[in-house]
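Chains as they are written, first to last, in my numbering: chain A, 1 to 322; chain B, 323 to 653.
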């Protein structure tokens, strides 16, 4: 059974000039131990998807439809108190900026033991031992000493390791990592991604990895979902989506990334920009930028259908199937 | 353009910038704290030929942006200097010819949200350098020039009365490029021009920059931490580490056959797109504190090939098989 199921999720922001639909009919699931990547450009709804799952959607944003199920239990309609027990215990979170995810006034040891004691039936001494073991797992040298240090005494990469330890503290089944390496340098990025992959495997946690970096997705994830204007454009096994993209947007996105193996004078570009939420085009949201758009794309919105080894929301594949 | 075009347009020789980051005077007196100097850029030399692109890469804090600011005259070098088209640029910045020199060297900044005045129209933003340098005679000519500049970066003359907030990130960066091009410069210093942009938009901006270089014979200094982008735009690549150049080579040599252990590590740290699930050997350790850099070669604590000499003696940048490299283990 799937660990996490997201069914037809709709997130809306009511405002003075009408309601904006930021996520529209998002469905996917994550199997236990699986790493699902979520990519897309700024404003595509990647972070909102993550925030809805961990119940940290900022008002006035609200889940306006659909369901989120964790181990078969609905978690999208829980109140703040019930959600607090799930967050940390069942779902861990890692955010982009490690400095803002840690409290600067407490030692990292206190922050780790607090999390462990809140969720697990252990004594304070055991909690401290656990915290030291976690720091060791995340590659922090001399954890017995470092545990009593404050966040400012750690470098950016080390802080992100502490945040990963914190997310794993209560042995959650799922980690939602929202751009965990974006604030870090390339050399540190590689260390953190490697670490995330390794510790999640060791601790048996599934990961939802949100990022805009296809390279990170390529080497970390099992499956990937490509978001465009609040909808899933394509979802499938990562090597399929990267090497044989079915949706024209995915294909354009891949071609626009400068890569290390080919010498191209010009990069392929997708003209235009992603539409704003208050101006989503009729039909397929990608149709104004799509090189393959035809009549049907302008009037009817495509749903996710099977397109070879992946699933894509594109009429090109509907036609083939029909 | 008096000099022959044979010699490089831009020559930086032994550029250095030191910042005084000491505690305030009173604390130094009362608490006996010493003066503290940060060597942000410590002796960087390179040449850029007319119409070519030199890229500088390195991690945060390696001094890339300080080099950029030294080149456009936003900082005064502590040591060394910049020769632009045979002229001492920093002497020119201080002389009566400062405007002329500034016309020829322009800069594009990283964040198109912060580098454009939100209260100015696009016309005012792009028109300011034209007026400031006295390049136009009247309002009609101003409009015509601004329209032309907008078209050269793929925007429309109809965008003139709009404000920056009406544009997306990529469009804003094009406005910055149009503004930088207003004085018809020969040399553009681009400090991470695409790192704030999404990949599909990044491709648009990089293509425009390459087209402009071809059409106008522009010379670029391109600063980035993204090696894939650097490989796409540059002719030559300089790798910086803690304020110094560790390797300088032409693009093909550097990417095909990196010599310096740091360059090798950086290249290995790039995720490979079409090689899914590949395990990498990440760079070990982190960049040391620049206030207290390691002795000898500043890379030695992270270097797999470090020997005793690396800990005691700082390697100089030397010619080696057609590239320049600062490493005891290689040369």
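Glycine included, each C-beta is placed from N, C-alpha and C at the ideal position. In this text, all values refer to a predicted model and were calculated from it rather than measured experimentally.
{"Item": "Locate the beta strand (DSSP E) running through residue 363 of chain B, then write down its first and last residues.", "Value": "359 to 370"}
{"Item": "Whose C-beta lies closer than 8 Å to the C-beta of residue 8 of chain A among residues of the same chain, with five residues either side of it excluded?", "Value": "25, 26, 27, 65, 66 and 67"}
{"Item": "Taking residue 172 of chain A and residue 257 of chain A to be in contact with their CB atoms under 8 Å, please state how far apart those CB atoms are, rounded to whole angstroms.", "Value": "With 8 Å as the limit, residue 172 of chain A and residue 257 of chain A do not qualify as a contact, their Cβ atoms being about 32 Å apart."}
{"Item": "Hey, out of A:111, A:286, A:132 and A:96, whose CA is closest to residue 156 of chain A's CA?", "Value": "A:96"}
{"Item": "Between the C-alpha atoms of residue 488 of chain B and residue 482 of chain B, what's the straight-line distance to the nearest angstrom?", "Value": "11 Å"}
{"Item": "Just by C-beta distance, which residues in the region 379 to 403 of chain B are closer than 7 Å to chain A?", "Value": "381 and 382"}
{"Item": "Alpha carbon to alpha carbon, what distance is there between residue 618 of chain B and residue 629 of chain B?", "Value": "11 Å"}
{"Item": "What did DSSP end up calling residue 137 of chain A once you bin it into helix, strand or coil?", "Value": "helix"}
{"Item": "Strictly under 8 Å for the Cβ-Cβ distance: is residue 553 of chain B near chain A by that measure?", "Value": "yes"}
{"Item": "Considering only residues of the same chain and omitting the five flanking positions on each side of residue 390 of chain B, which have a CB-CB separation below 6 Å?", "Value": "511, 513 and 545"}
{"Item": "Can you tell me whether residue 248 of chain A is buried or exposed, with buried defined as 16 or more other CB within 10 angstroms of its CB?", "Value": "buried"}
{"Item": "Using only the alpha-carbon positions, how far apart do residue 219 of chain A and residue 594 of chain B sit?", "Value": "7 Å"}
{"Item": "Using 8 Å for Cβ pairs, my map puts residue 654 of chain B next to residue 472 of chain B. What's the rounded Cβ distance?", "Value": "Since the first residue shown for chain B is 323 and the last is 653, residue 654 of chain B is missing from the structure and cannot be characterised."}
{"Item": "Suppose only complete runs of 4+ residues qualify. What are the alpha helix (DSSP H) ranges in the region 208 to 269 of chain A, listed by chain order?", "Value": "214 to 220, 238 to 243 and 248 to 255"}
{"Item": "In chain order, what residues of the same chain have a beta carbon less than 7 Å from the beta carbon of residue 120 of chain A, not counting five sequence neighbours either side?", "Value": "170"}
{"Item": "Residues of chain A with CB closer than 9 Å to the CB of residue 492 of chain B, please, in chain order.", "Value": "273"}
{"Item": "Residue 326 of chain B to residue 339 of chain B, Cα distance in whole Å?", "Value": "A caution first: residue 326 of chain B carries a pLDDT of 49, below 50, which makes its placement in the model too unreliable to give a value."}
{"Item": "Against chain A, with Cβ distances strictly below 8 Å, would residue 487 of chain B count as a contact?", "Value": "no"}
{"Item": "If the cut-off is 7 Å on Cβ atoms, which residues from the region 216 to 240 of chain A count as contacting chain B, listed in chain order?", "Value": "216, 218, 219, 238 and 239"}
{"Item": "Going by DSSP, what residues sit across from residue 340 of chain B in a beta bridge?", "Value": "B:361"}
{"Item": "Closer than 9 Å by beta-carbon distance: list the chain B residues that pair up with residue 260 of chain A, in chain order.", "Value": "549, 550, 553, 577, 589, 592, 594 and 595"}
{"Item": "Counting only C-beta atoms, is residue 35 of chain A closer than 8 Å to chain B at any point?", "Value": "no"}
{"Item": "Chain B partners of residue 253 of chain A, CB-CB under 7 Å?", "Value": "521 and 522"}
{"Item": "Indicate whether residue 242 of chain A and residue 254 of chain A have their beta-carbon atoms separated by less than 8 Å.", "Value": "yes"}
{"Item": "Between which two residues does the beta strand (DSSP E) carrying residue 26 of chain A extend?", "Value": "18 to 30"}
{"Item": "Write down every uninterrupted run of the beta strand (DSSP E) in the region 587 to 642 of chain B whose length is 3 residues or greater and which is fully enclosed by it, in chain order.", "Value": "640 to 642"}
{"Item": "Find the nearest neighbour of residue 297 of chain A within the set A:79, A:318 and A:179, judged by alpha-carbon distance.", "Value": "A:318"}
{"Item": "In this structure, how does DSSP classify residue 376 of chain B when only helix, strand and coil are distinguished?", "Value": "strand"}
{"Item": "For the structure I just gave you, are there three or more beta carbon pairs, one from the region 347 to 366 of chain B and one from the region 561 to 579 of chain B, closer than 8 Å?", "Value": "yes"}
{"Item": "Could you list the residues in the region 190 to 214 of chain A with a C-beta less than 8 Å from some C-beta on chain B, going in chain order?", "Value": "190, 191, 193, 194, 212, 213 and 214"}
{"Item": "Spatial neighbours of residue 570 of chain B within its chain, please: C-beta separation below 8 Å, excluding the five flanking residues on both sides.", "Value": "368, 558, 559, 560, 561, 639, 645, 646 and 647"}
{"Item": "For residue 199 of chain A and residue 80 of chain A, what's the separation of their Cα atoms in angstroms?", "Value": "29 Å"}
{"Item": "Between which residues of its own chain and residue 542 of chain B is the CB-CB distance below 7 Å, once the five residues before and five after are set aside?", "Value": "375, 510, 512 and 535"}
{"Item": "Three or more C-beta pairs closer than 8 Å, one from the region 208 to 217 of chain A and one from the region 175 to 183 of chain A: is that the case here?", "Value": "yes"}
{"Item": "Return the CA-CA distance between residue 333 of chain B and residue 410 of chain B, expressed in angstroms with no decimal places.", "Value": "10 Å"}
{"Item": "Would you kindly work out how many angstroms separate the C-alpha atoms of residue 154 of chain A and residue 102 of chain A, rounded to a whole number?", "Value": "11 Å"}
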